[in-house]
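Participant: Below is a structure I'd like to ask you about.
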Amino acid sequence: MGVAVVTGANRGLGAEWVHQLLEAGWKVYAGFRKDLGRLSVLEHQNLTVHQLDVVSNDSVQGFAENAPEKIDLLINNAGVADGRWRNLTEIDDSWALEVLDINALGPVRVVKALYGKMNHDSLTKIAMVSSLMASIDDCHIGRSYAYRASKTALNMFTVAMKKEAIEDNIAFVILHPGWVKTDMGGDRAPVEIPDSISGMREVLETRTLENSGEFVQFDGALLPW
Ligand SMILES: NC(=O)c1ccc[n+]([C@@H]2O[C@H](COP(=O)([O-])OP(=O)(O)OC[C@H]3O[C@@H](n4cnc5c(N)ncnc54)[C@H](OP(=O)(O)O)[C@@H]3O)[C@@H](O)[C@H]2O)c1
C-alpha cells in the first residue's frame, strides 16, 4: 500500500485527491490550514490529517515530523488566487508577495521538509500543482499578475530541483488541473472536480525519472513553457 501526502486537502481539488487516493487503496496523510472541511466527512482508517500552513516554517516542520516515515507520492496542491486587480496600477505589492510565498515557496518548503522521507529505494513522485496561467508562451490576455508569476516561479523551482531529485529516485511532474469548478475556478469552469483528479491520476501513472519535470495538463497534453 503506497503512502500519499496531500496539501490544501480540506476542500476543492485537494479534498478530491484525498477521496480518490483512499478509494484506490492509498494511505493518505492530508494537510489542512484552518478547518477540516470535507476531510471530516472523508473519515477513513487509512486517512491521517494534520494542520499545515505552507507559509509557516514551523507549521511545515510540525507537519513533516508527524508524517509517515516513508512517502511514495506528494501532491503539492495548496494555492491561492490573487487580488483580481483591474489593471497594473492596482497591483498590491504586499498581497502579491503573499501569493508568491504561498504558491511558489510553499510547495518548495514542503518538498524540503519531507525530502528525507521521500528519498528511498522505490520511485517517489511529486506533483507540483501549477496552472496553464504559469505559461509565458500562453499569456495572451495578461492580468492575474501575481498568480501567473507565482506559478511560473513554481515551475522553475521544480525544473531547477529535478536533476538532484532524479539522483535520489524522485520524479517531479508539474500539473495543470484544467479550469475546474471549485471556489477558485468558479461556477463557469467547464471541468468537474472528479474528472480533473482522475485525469491527473492517469498522468501520474505515466511518470518516470526520464520524463521528470514535464508540464502536463489533466488530460495528458504537454503544455508550452
Ligand atoms: N480551480 C482551477 O480552475 C485551477 C486551475 C489551475 C490551477 N489550480 C490550482 O489547483 C490547486 C487547488 O485549487 P482549487 O481550485 O482546489 O482551490 P480552492 O478550492 O480555493 O482550494 C485551495 C486550497 O488551498 C489551501 N490553502 C491556501 N493557502 C494555504 C496555505 N497557506 N497553507 C495551506 N493550505 C492553503 C486552502 O485552504 P483554506 O481552506 O484554509 O483556504 C484550500 O484547501 C491550487 O494550487 C490552484 O492554483 C486550480
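For what it's worth, my numbering labels the leading residue of the sequence shown as 12, then goes sequentially.
Note that the Cβ used here is the ideal one computed from N, Cα and C, for glycine as well.
Check the C-beta distance from V65 over to Y40 and give it rounded, since I have them as a contact under 8 Å.
Facilitator: Position 54 of the sequence shown, counted from the first residue, corresponds to residue 65. Position 29 of the sequence shown, counted from the first residue, corresponds to residue 40. That belief does not hold up - the Cβ atoms of V65 and Y40 are roughly 15 Å apart, past 8 Å.
Participant: Straight-line CA distance for G224 to S141?
Facilitator: Indexing the sequence shown from 1 puts residue 224 at position 213. Indexing the sequence shown from 1 puts residue 141 at position 130. Computed Cα separation, rounded: 12 Å.
Participant: Can you check which of these residues, L134, L58, V202, is closest to A176 by C-alpha distance?
Facilitator: Counting from 1 along the sequence shown, the entry for residue 176 is found at position 165. When each option's Cα is compared against that of A176, the closest is L134.
Participant: Excluding sequence positions up to five away, which residues of its chain have a Cβ less than 8 Å from the Cβ of R22?
Facilitator: The sequence position of residue 22 within the sequence shown is 11, counting from 1. For R22, where only same-chain residues beyond five positions count, the Cβ hits under 8 Å are G48, R49, T193, D194.
Participant: Could you please give the first and the last residue of the uninterrupted alpha helix (DSSP H) stretch that includes K192?
Facilitator: On the sequence shown, position 181 is the one that residue 192 refers to. K192 -> no alpha helix (DSSP H), and no H or E assigned at all.
Participant: Quick check: what's the CA-CA separation for D104 versus L116?
Facilitator: Residue mapping note: residue 104 aligns to position 93 of the sequence shown, counting from 1. Residue mapping note: residue 116 aligns to position 105 of the sequence shown, counting from 1. Cα-Cα distance, rounded: 16 Å.
Participant: Between M211 and ligand 1, is there a pair consisting of the residue's CB and a ligand heavy atom that are separated by less than 7 Å?
Facilitator: On the sequence shown, position 200 is the one that residue 211 refers to. No, Cβ of M211 sits at least 7 Å from all heavy atoms of ligand 1.
Participant: Closer than 7 Å: is that where the CB of N88 sits relative to any heavy atom of ligand 1?
Facilitator: Translated into the one-based positions of the sequence shown, residue 88 becomes position 77. The answer is yes for N88.
Participant: Ends of the alpha helix (DSSP H) at Q72?
Facilitator: Within the sequence shown, numbered from 1, the residue matching residue 72 stands at position 61. Here the alpha helix (DSSP H) through Q72 covers 68-77.
Participant: Could you tell me if the beta carbon of A75 falls within a distance shorter than 7 Å of some heavy atom in ligand 1?
Facilitator: For this step, residue 75 is matched to residue 64 along the sequence shown. Not so, every heavy atom of ligand 1 lies at least 7 Å from the Cβ.
Participant: Ignore the nearest five residues each way along the sequence and tell me which others in D83's own chain have a CB closer than 6 Å to its CB.
Facilitator: Within the sequence shown, residue 83 is the residue found at index 72, counting from 1. Hits under 6 Å: G13, V14, T135.
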